[in-house]
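Chain order of the listed sequences is G and A.
Under my numbering, the residue at position 44 of the first sequence is numbered 44, and the numbers go up by one with no gaps.
Under my numbering, the residue at position 190 of the second sequence is numbered 1190, and the numbers go up by one with no gaps.
From the three backbone atoms N, C-alpha and C, an ideal C-beta is built for every residue, glycine too.
Owing to the predicted nature of the structure, the values given are computational and were not obtained by experimental measurement.
2 protein chains.
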Amino acid sequence: MLVTKVNLEAPYLLYLGNCPDWHHAKTGAGIAYWRPDRCAGQMRLPTCPVDLGLPEMTVQDAVDAGVRTVVVGVAPMGGRIPAEWMPQLCELAEAGINVAAGLHTKLHSLPVLVAAAAKGKAVLTDVRIPPADLPVGTGRLRSGKRILMIGTDCAVGKKYSALALHRELERRGIKSSFRATGQTGIMIAGEGIPIDAVVADFISGAAEILSPDNDDDHWDVIEGQGSLLNPSYSGVSLGLLHGSQPNAIVLCHDVERLSIDGTDGDFPIPELDEVIDDALRCARRMRNDCFCAGVSINTSSLSDLDREMYLSKMQQHLGLPCVDPVVTGMTPIANFLLRHTT
Amino acid sequence: MLVTKVNLEAPYLLYLGNCPDWHHAKTGAGIAYWRPDRCAGQMRLPTCPVDLGLPEMTVQDAVDAGVRTVVVGVAPMGGRIPAEWMPQLCELAEAGINVAAGLHTKLHSLPVLVAAAAKGKAVLTDVRIPPADLPVGTGRLRSGKRILMIGTDCAVGKKYSALALHRELERRGIKSSFRATGQTGIMIAGEGIPIDAVVADFISGAAEILSPDNDDDHWDVIEGQGSLLNPSYSGVSLGLLHGSQPNAIVLCHDVERLSIDGTDGDFPIPELDEVIDDALRCARRMRNDCFCAGVSINTSSLSDLDREMYLSKMQQHLGLPCVDPVVTGMTPIANFLLRHTT
Chain G
1 MLVTKVNLEA PYLLYLGNCP DWHHAKTGAG IAYWRPDRCA GQMRLPTCPV
51 DLGLPEMTVQ DAVDAGVRTV VVGVAPMGGR IPAEWMPQLC ELAEAGINVA
101 AGLHTKLHSL PVLVAAAAKG KAVLTDVRIP PADLPVGTGR LRSGKRILMI
151 GTDCAVGKKY SALALHRELE RRGIKSSFRA TGQTGIMIAG EGIPIDAVVA
201 DFISGAAEIL SPDNDDDHWD VIEGQGSLLN PSYSGVSLGL LHGSQPNAIV
251 LCHDVERLSI DGTDGDFPIP ELDEVIDDAL RCARRMRNDC FCAGVSINTS
301 SLSDLDREMY LSKMQQHLGL PCVDPVVTGM TPIANFLLRH TT
Chain A
1001 MLVTKVNLEA PYLLYLGNCP DWHHAKTGAG IAYWRPDRCA GQMRLPTCPV
1051 DLGLPEMTVQ DAVDAGVRTV VVGVAPMGGR IPAEWMPQLC ELAEAGINVA
1101 AGLHTKLHSL PVLVAAAAKG KAVLTDVRIP PADLPVGTGR LRSGKRILMI
1151 GTDCAVGKKY SALALHRELE RRGIKSSFRA TGQTGIMIAG EGIPIDAVVA
1201 DFISGAAEIL SPDNDDDHWD VIEGQGSLLN PSYSGVSLGL LHGSQPNAIV
1251 LCHDVERLSI DGTDGDFPIP ELDEVIDDAL RCARRMRNDC FCAGVSINTS
1301 SLSDLDREMY LSKMQQHLGL PCVDPVVTGM TPIANFLLRH TT
C-alpha cells in the first residue's frame, strides 16, 4: 500500500520548545496520551507553559535514560521551526538522538541540524511527506466499511475520537483499522497519509488509497482533517470526505468553540444539526446511504453536572448519541454504528 | 503578487500526441481559440482524431515556419506524459524549438527531453508550478468584486465562460481581470495560479492571493476548477470557492453531460437548480450574499431549434439567464450580474 510509513525508535523525548498553549501542542499531547509506553520525558524552553506531565529532561538526562528519538510535539503557526529551538535540537542530534517532526518545514532543509545529525550519527525523520505517485480519485465504491470523523473546526478532537472508537471496536472483537491522515496520527499509528500535504488534485485519490478494499465486516476508522466550515482547510476536508466514501460519519466538536479558530468570530459555528445535514449532503453525493453515528464533544471546560445536562439535551435534540470521548467514552456511538449497519 | 507568470515565445505549434477526444484537448483548443494570432500549426500522432483546424506540421515545417514554442495541448488524466510522445517532442527540442506544458509530470523530470533541449538550446517551461511560500487562507473579506465559474463537472466550459464574460465586461468599459486557475488559462493570460497543483493545505490561501484587494468597482472573473460533484477534484473546487469568496457564481454545464465524466454513470449530474443551491450553500458560509448570475451551457450538440427551446425552458425553470457562451454569448449574464450588484 502506497502510504507513508514511519518507524521511530523508542523511547521518545517530546520536544515542546516555546509552545504557547495546548492547541499548538496537540502532537506532543497525542503521542503522550496514546503511546505513553514510548515516552520517556519532555523538554521545553523556560517560557513554555504547556506541561505534558512527563519527566523534564536535559540533553544529558535524555542520553542517560537511553532516549532514542526526540519528537517535535508542537505545530507552530506557519509550520516553520523557530530559531530558538535549534540549539537544543542540534545538541540532541549531536548526542546521537534521532529527530522526528511533522511540520511543513522539513528537518532535512535545515543545514545546521543536518550537520549536527551527521556528527552524532542521528537520523532525521520528516513525517509529513506524502507517498509519491498518488493516483487521482476514481469514486469507485470499495468493499469493507468506513467511518470518518468530521469536525466543526480544526483541533476539536477528531484524532482522539477516531482512536477511541477504533479501540472500542477492537475491544468488542470487531475488525478495525485506524487510518491516520495527519502527522500526529501517523506517528501514533506508524503509518498513514498526511492528507493536507498532498497536491490538491490528489486529495481524494490519497483518501481512496488510505482505506483500500477490505473484508465486508472490517471497519476503517478514518481520522478527519480540518472542517468543511473552515475557510483555510475546507478543500482538504471535502476531498477526504469524498475519497473516504464513508458509510458513516461522527461529528466532532468542542463546546467552547463558538466560531472558527483564528477568524475573530467572523465565521460562527452553525447549529450542530445544520453541520451534520450539510456534511451528509456532501457525503451522499458519493455514497447515498451515509449516516451520522453520533457526536463526540470535548466538554472539558464544563463541570460534571453541566456536561451531563449539555450532552443529554443535545442528544434529545439531535436524536443521536452525544458523548465526551474522554469522560463518557465512545461506547454509545459504537452501539449506534453497529446497530445501523449490517 | 505571488502568482505564476509565463511568457512563451510565439509562434506556437500545438502538440496533440494521441489525444483521443476534444475533452482532453482542451488546452490546445483553448489556446487556438483565444490566442489564434500566436498559433502557427498543430502536430499529432497518426492515431489522433482531434483536429484544431491549424496547418499540420512536421518538425521541418515548424522550423521553416519559425515556430518558437511547441505547447503540449493535451491534458491526459493524471497529468502524465505518455512515452509515445517523446520522440516528436525530443526532435522538436533538438531542432531548437522550446517546449511548454502544464502537466503534473514536469518536463524537467524527463532526462531524455532535458538532454534533447540542451542539444538544441531549447527552453523547457513547466506551467503547472504554483508559486512558492503560499499562505494558508484566512477568510478575510477583500475589497473589489468577484465572480467565479463553477461546473457540473470538469471540461464543461468554465474557462471559456470566464474569458467571454471578462471580454464582455471590458467591452462595456467595466474594470475586470480574468484570473486563471489552470494551465490553459495561465498560458492564455500569461499569469495565474495552477490551483490543482498547490499543496492541499494552501488551496484557499492560493485563491485569496489570486484575487487580492481591488477597487470597489473592479471585477475579478475567476476561472473555476473541477466540480463540487466530481469525486476526483471536489476538494480543489471547494477550496477555490471558499478562498475566492465570490459575490456571484455562474454555473457552467454541457447539455450532453448526464453523469460525471469517467465514472461509468455512477455519479449522475443532479438537476441544475439543485447544483446551484448546493454551491450557494457552500459559498454563503464565507460570503452570505453570494448569488448565481446565470447558467452557461455548451449546447453544441443541439440543433438551433433544440438549443433555443432548451435554453428558454431552462431559463423559465431557473429564473436565471441561461446562455450558450459560444452561440448566444454572455451578455444576458453580464446584464443580470450588473443589475444585481451595486
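Taking C-alpha atoms, which residue in the options lies nearest to residue i?
i: R1172 (chain A); options: A:A1334, A:V1006 and A:T1341; result: A:A1334
i: D1153 (chain A); options: A:P1270, A:Q1315 and A:G1030; result: A:P1270
i: S244 (chain G); options: G:A206, G:E168, G:V59 and G:C90; result: G:A206
i: E9 (chain G); options: G:M330, G:P131, G:R68 and G:A75; result: G:R68
i: P1231 (chain A); options: A:I1249, A:D1266 and A:R1080; result: A:D1266
i: A248 (chain G); options: G:T138, G:V221 and G:G28; result: G:V221
i: G1066 (chain A); options: A:N1098, A:A1075, A:R1035 and A:S1237; result: A:N1098
i: L105 (chain G); options: G:R287, G:K159 and G:R128; result: Checking the displayed sequence, the identity of residue 105 (chain G) turns out to be Thr instead of Leu. Among G:R287, G:K159 and G:R128, the Cα nearest to that of T105 (chain G) belongs to G:R128.
i: L2 (chain G); options: G:L16, G:R179 and G:A283; result: G:R179
i: E94 (chain G); options: G:I188, G:L103 and G:G120; result: G:G120
i: L163 (chain G); options: G:T342, G:M330 and G:R339; result: G:M330
i: E281 (chain G); options: A:M1286, A:R1287 and A:E1274; result: Here residue 281 (chain G) turns out to be Arg, not Glu, going by the sequence shown. The shortest C-alpha separation from R281 (chain G) is found at A:E1274.
i: C1343 (chain A); options: A:Y1015, A:L1305 and A:L1338; result: No information on residue 1343 (chain A) is available, as it lies outside the stretch 1001 to 1342 that chain A covers here.
i: R1339 (chain A); options: A:C1292, A:V1071, A:H1317 and A:D1324; result: A:C1292
i: R80 (chain G); options: G:E191, G:V70 and G:D126; result: G:D126
i: P1212 (chain A); options: A:G1137, A:P1036 and A:L1337; result: A:G1137
Could you tell me the boundaries of the beta strand (DSSP E) in which residue i lies?
i: I1203 (chain A); result: Where I1203 (chain A) is concerned, there is no enclosing beta strand (DSSP E), although the alpha helix (DSSP H) it sits in stretches over I1203 to L1210.
i: Y1015 (chain A); result: Y1012 to G1017
i: A1093 (chain A); result: No beta strand (DSSP E) contains A1093 (chain A), which is instead part of the alpha helix (DSSP H) from M1086 to E1094.
i: V72 (chain G); result: T69 to V72
i: C39 (chain G); result: C39 to R44
i: F267 (chain G); result: Per DSSP, F267 (chain G) belongs to no beta strand (DSSP E) and is neither H nor E.
i: S177 (chain G); result: S176 to R179
i: N1098 (chain A); result: N1098 to A1101
Between residue i and chain C, is there a C-beta pair that is closer than 9 Å?
i: M149 (chain G); result: The structure shown contains no chain C; its protein chains are G and A.
Where does residue i fall in DSSP's three states?
i: H253 (chain G); result: strand
i: Q1225 (chain A); result: coil
i: I193 (chain G); result: coil
i: I186 (chain G); result: helix
i: G79 (chain G); result: helix
i: I297 (chain G); result: strand
i: M57 (chain G); result: coil
i: S1244 (chain A); result: helix
i: D1290 (chain A); result: The identity of residue 1290 (chain A) in the sequence shown is Cys, whereas the question assumes Asp. Coil at C1290 (chain A), not helix or strand.
i: K1158 (chain A); result: helix
i: S1234 (chain A); result: helix
i: D1220 (chain A); result: strand
i: A1062 (chain A); result: helix
For the alpha helix (DSSP H) that residue i lies in, which residues bound it at each end?
i: D1306 (chain A); result: D1304 to L1318
i: W1034 (chain A); result: K1026 to W1034
i: N1335 (chain A); result: T1331 to R1339
i: I1147 (chain A); result: Counting along the chain, I1147 (chain A) falls outside any alpha helix (DSSP H), though it belongs to the beta strand (DSSP E) covering K1145 to G1151.
i: V1112 (chain A); result: P1111 to G1120
i: D126 (chain G); result: Unbroken run through D126 (chain G) is the beta strand (DSSP E), L124 to D126; no alpha helix (DSSP H).
i: A279 (chain G); result: L272 to A283
The ligand COA and residue i: does any heavy atom of the ligand fall closer than 8 Å to the residue's C-beta?
i: Y1015 (chain A); result: Summarising the ligand content, the structure contains no ligands, and the ligand COA is consequently not present.
_So if I threshold CB-CB distances at 9 Å, which residues from the segment 1236–1248 of chain A count as touching chain G?_
V1236, S1237, L1238, G1239, L1240, L1241, H1242, G1243 and Q1245
*the segment 1285–1305 of chain A: positions lying closer than 8 Å to chain G by Cβ*: R1285 and M1286
*Just by C-beta distance, which residues in the segment 1196–1213 of chain A are closer than 8 Å to chain G?*
D1196, A1197, V1198, V1199, A1200, D1201, I1203, S1204 and G1205
*For the segment 215–229 of chain G, which residues have a beta carbon sitting closer than 8 Å to at least one beta carbon of chain A?*
Listed by position, the residues of the segment 215–229 of chain G near chain A (Cβ gap below 8 Å) are L228 and L229.
*With 8 Å as the limit, tell me which residues of the segment 1037–1062 of chain A have their beta carbon closer than that to any beta carbon of chain G; keep them in chain order.*
none
_Contacting positions in the segment 123–138 of chain G - beta carbon closer than 8 Å to chain A_ = Hits within the stretch, in order: P135, V136, G137 and T138.
*Name the residues in the segment 1267–1279 of chain A whose C-beta lies less than 9 Å from a C-beta of chain G; which are they?*
F1267, P1270 and D1278
*Contact list for the segment 1171–1198 of chain A against chain G, Cβ threshold 7 Å*: I1195, D1196, A1197 and V1198
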